Amino acid sequence: MDAMPELKASIRTIPDYPKPGIMFRDITTLLGDARAFRRAVDELVQPWAGSKVDKVAGIEARGFILGGAVAHQLSAGFVPIRKKGKLPHTTVRIAYSLEYGVDEMEVHADAIGPGERVILIDDLIATGGTAEGAVKLMRQIGADVIAACFIVDLPELGGAAKLRAMGVPVRTLMAFDGH
Ligand code: AMP
């Protein structure tokens, strides 16, 4: 059972988007609801409130919106993880698996110092391919990834379990069945 039914109700589901068979969990309705947005940001980082967090890393693009708010809340810096070719300075890059094929993501090489404590944020974890790539990328530049936080978990796709197996504590606020 989900502990936060009001939060879950603020998310809109679009069937068959972007392709048949996918239930797209649209968080723009949560973001547009002042109470839900605040609650989601508060709840995402509740276990780490009061502990030392140096940086919050957000995955393009919905992870930027949530990650910026979370970083402000924790008085931490914000680090964008972007699709390749978007960041202007020296980057490190990693390939990661998507449902069909691969893509690449990047972070600025100097965005996180060795040993800095980082929380990763995105809106949703499905297969975990995207988040796994982000964790590996940050570890390459020496980050200590202390947690990964998502509003939505699709547990049947196994992403959260994959991250936990990499030694990353995972926090999600609600789960949906299926894809
Ligand atoms: P994955 O790498 O499989 O864990 O996919 C996670 C990324 O894809 C996140 O950035 C999500 O925003 C997006 N995503 C995957 N499945 C869905 C879905 N059913 N609804 C909304 N976004 C999704």
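The number in our numbering is simply the position in the sequence shown, starting from 1, with 12 added. For each residue, glycine too, the CB sits at the ideal point set by N, CA and C. Since this is a predicted model, take the numbers as computed values, not measurements.
{"query": "Cα-Cα separation, MET150 to ALA73", "result": "17 Å"}
{"query": "Per-residue DSSP class, three states only, for PHE9", "result": "The question about residue 9 has no answer, for the chain in this structure spans 13 to 191."}
{"query": "Residue closest to THR184, alpha-carbon to alpha-carbon, out of ALA159, ASP165 and ASP134", "result": "ASP165"}
{"query": "Minimum C-alpha distance to VAL91 - residue among GLY113, ILE26 and ALA121", "result": "ALA121"}
{"query": "Residue interval of the beta strand (DSSP E) (run including LEU185)", "result": "182–187"}
{"query": "Proximity of LEU175 and GLY140 at Cβ, strictly below 9 Å", "result": "yes"}
{"query": "Distance cut-off 8 Å: GLU12 Cβ against heavy atoms of ligand 1", "result": "Outside the modelled stretch of the chain, which goes from 13 to 191, sits residue 12, for which no answer is possible."}
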